[in-house]
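This report concerns only the one structure given below.
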Amino acid sequence: MEKMELSEALKANASVLEELIGFPYRGYKLATNENLDGFIERGVCVLGQPDASGVGPNDHGMLICGVTPSGGIFQVMFSIRNKIYHRYRSTSGVWNPWYVYTSSVYNP
Numbered sequence: 003m004e005k006m007e008l009s010e011a012l013k014a015n016a017s018v019l020e021e022l023i024g025f026p027y028r029g030y031k032l033a034t035n036e037n038l039d040g041f042i043e044r045g046v047c048v049l050g051q052p053d054a055s056g057v058g059p060n061d062h063g064m065l066i067c068g069v070t071p072s073g074g075i076f077q078v079m080f081s082i083r084n085k086i087y088h089r090y091r092s093t094s095g096v097w098n099p100w101y102v103y104t105s106s107v108y109n110p
């Protein structure tokens, strides 16, 4: 088997992930308002917690961004602290506030 450089292996893994979930991997971002407001392409990124708190999710996690057929944009953020945040930007370009769901233990 031929050896790969680490960067090549990561690109190959990202490509497989994109095919499995249908969302391209967009890299790492700090979870600042500016970065999240500017993340408007369909895809998935890993979030790091910023130094200062802001409006919205200030946490480590994963962000999924999608675009509707009409041009609206939705973001769903999965926090490492068992919270799920979501918001929507209408075609007018205005973001709704962040909403949060909190999880509880499932006991069947």
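In my numbering, the protein residues as written are 3 to 110.
Where is the CB? At the ideal position from N, CA and C, for every residue including glycine.
Every value quoted in this text rests on a predicted model; they were computed, and no experiment measured them.
- In this structure Ile42 is exposed. Its beta-carbon is surrounded by fewer than 16 other beta-carbon atoms within 10 angstroms.
- Scanning its chain for C-beta atoms nearer than 7 Å, with the 5 sequence neighbours on each side dropped, one finds around Asn37 the residues Lys31, in chain order.
- Collapsing the DSSP output to three states places Gly40 in a helix.
- Within the same chain, no Cβ atom closer than 7 Å to the Cβ of Pro110 is found once the five residues on either side in sequence are excluded.
- Taking C-beta atoms under 8 Å as the contact rule, Gly68 and Thr93 fail to qualify, at a distance of about 14 Å.
- In the structure shown, His62 falls within a coil segment according to DSSP collapsed to helix, strand and coil.
- With distances taken between CA atoms, Phe76 lies nearest to Trp100 out of Lys85, Trp100 and Arg83.
- In this chain, the beta strand (DSSP E) harbouring Ile86 covers Lys85 to Arg91.
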